[in-house]
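Let me begin by presenting the structure, written as C-alpha cells, before commenting on it.
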Amino acid sequence: MSKEQILIIDTDPGVDDALALTMLSNLNNNVDNYSKIIMSSIGGNTSLKNTHQNMLDIISVTKLQHSEILKGSESTLTGEKFVDAEHYHGKNGLTLQLDKNTDSHSNLETYEYLHELLLKNENVEVTLLMLGPLTNLAKSLVSIPETKKIIKSVVIMGGAFYVRGNATKYAEFNIYADPEAANIVFKSGLHIKAIGLDVCDSVIINKEKFYNSQYEFNKSKSVLGKFSNSIIDSFFNYHKDKNEMSLCDPIAVICLFYENLFSYKSKEVSVDTGKLKKGLTVPTQKKGKIDIAVDLNIKKVMNLIDKNLI
Numbered sequence: 003m004s005k006e007q008i009l010i011i012d013t014d015p016g017v018d019d020a021l022a023l024t025m026l027s028n029l030n031n032n033v034d035n036y037s038k039i040i041m042s043s044i045g046g047n048t049s050l051k052n053t054h055q056n057m058l059d060i061i062s063v064t065k066l067q068h069s070e071i072l073k074g075s076e077s078t079l080t081g082e083k084f085v086d087a088e089h090y091h092g093k094n095g096l097t098l099q100l101d102k103n104t105d106s107h108s109n110l111e112t113y114e115y116l117h118e119l120l121l122k123n124e125n126v127e128v129t130l131l132m133l134g135p136l137t138n139l140a141k142s143l144v145s146i147p148e149t150k151k152i153i154k155s156v157v158i159m160g161g162a163f164y165v166r167g168n169a170t171k172y173a174e175f176n177i178y179a180d181p182e183a184a185n186i187v188f189k190s191g192l193h194i195k196a197i198g199l200d201v202c203d204s205v206i207i208n209k210e211k212f213y214n215s216q217y218e219f220n221k222s223k224s225v226l227g228k229f230s231n232s233i234i235d236s237f238f239n240y241h242k243d244k245n246e247m248s249l250c251d252p253i254a255v256i257c258l259f260y261e262n263l264f265s266y267k268s269k270e271v272s273v274d275t276g277k278l279k280k281g282l283t284v285p286t287q288k289k290g291k292i293d294i295a296v297d298l299n300i301k302k303v304m305n306l307i308d309k310n311l312i
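Residue numbers (my numbering): 3 to 312.
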C-alpha cells in the first residue's frame, strides 16, 4: 500500500517567503501530489508573533490550500531570542501591511505534530520545506528521534557552503539564527537538499526590469499577480539603494518540485556553533546525504518563478 504524502511548509515570512508561498498557491498540480499541506511558522526574519501573523495573512491573500496551521518555536534550540533580519524585511517582516487573518492554529507545536503523526500512523511520508531557521525540525529530532522514520526528505533554504555568508562573512542568516539546530539537522542522516547562497544570487528580480514591466507577473491582473507586484514594489521602496531582490525561498520551492534543474555535491556537513564563525556551514570531503546545490539552470528556474507569481 502506498504511503500518504504530507508536505510541511516551515516559514518565517519574510518578503521572499511571501513570494515562495504565492508560488506554492499557483503550483496546484504539484501540490496536489500531497494529501495534506501543513503550514508551520518559526521566528526568524522577525519575531514569531509577526512571522505567524504574516503567514496567516499570506495564506488569506493567496488562498494557499492547507490542512492545518501550526505555531512553531519563538526561540532557538538553546532558548535564546532569535536574531532577526528586520533591517532587510522591515519591522513587521514584510515591508508592507496586509489585512489581518484571525484563523486559529493547532495547540500542538510543529515538533509535537510530527510526533502525533508517528504515533497515529507510520504509513505516512513527510516532506519538509524549510524556509527559515531549522529549530522546529531540530526540536523534533532531539525530543523524539523516531520521527526520522516518517521523514522522506527535506528541502532547506540555508547555508553558504562555498561562498561568503550574508548574516556575517561566514554564515547565511537561517543557519546563523540557530546554528545548534542546523548542526543537528545536517548530522541527522536525513536526505536533505540544501539551497544556499551558492545558487541564490544567480536568480534575482532586477529593479529596472521590474519597473519597466519586463516580467510576466508584471502584466498579471490576477490576485496573485497583484500581490507579487505589491510585495516587490514595497521591497524596492523600502530599500531605495538596492537594484536587485534575491529570490532564495522561491528557488527552494522550485527545487522541491524540479530538483533536476540543479546540480549538487553530495557531502556531509557540519555547522560551527562557536562565537567567532557562528553558523559557518562546512562541507567535508566525505560523500554524504546532504545534496548541496552548486549550480542551476538560471533561465528555466527564473521562468518557473516568473510564471508562478501570476
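The beta-carbon is built from N, C-alpha and C at its ideal position, and this holds for glycine as well.
- The beta carbons of I40 and S69 sit closer together than 9 Å.
- Residue pairing for P181: DSSP places it in no beta bridge.
- Following the DSSP letters along the chain, one finds V284 inside the beta strand (DSSP E) bounded by residues T283 to P285.
- Taking the CA atoms as reference points, L121 sits about 44 Å from I207.
- A distance of 9 Å or more separates the beta carbons of K141 and H107.
- With respect to T283, G198 sits close: the two C-beta atoms are nearer than 9 Å.
- When DSSP states are grouped into helix, strand and coil, D203 belongs to the coil group.
- Only residues of its own chain outside the window of five on either side were considered, and among them K151 and I152 have a CB closer than 7 Å to the CB of E124, listed in chain order.
- Apart from sequence neighbours up to five positions away, the residues of its chain that approach V165 with a beta-carbon distance below 6 Å are L199 and D200, ordered along the chain.
- When L136, Y172, N138 and V126 are compared, the shortest CA-CA separation from K154 is found for V126.
- Put simply, of K38, I11 and V273 the residue whose alpha carbon is nearest the alpha carbon of A179 is V273.
- Distance from the Cα of T275 is smallest, within the candidate group S75, L116, I11 and P181, for P181.
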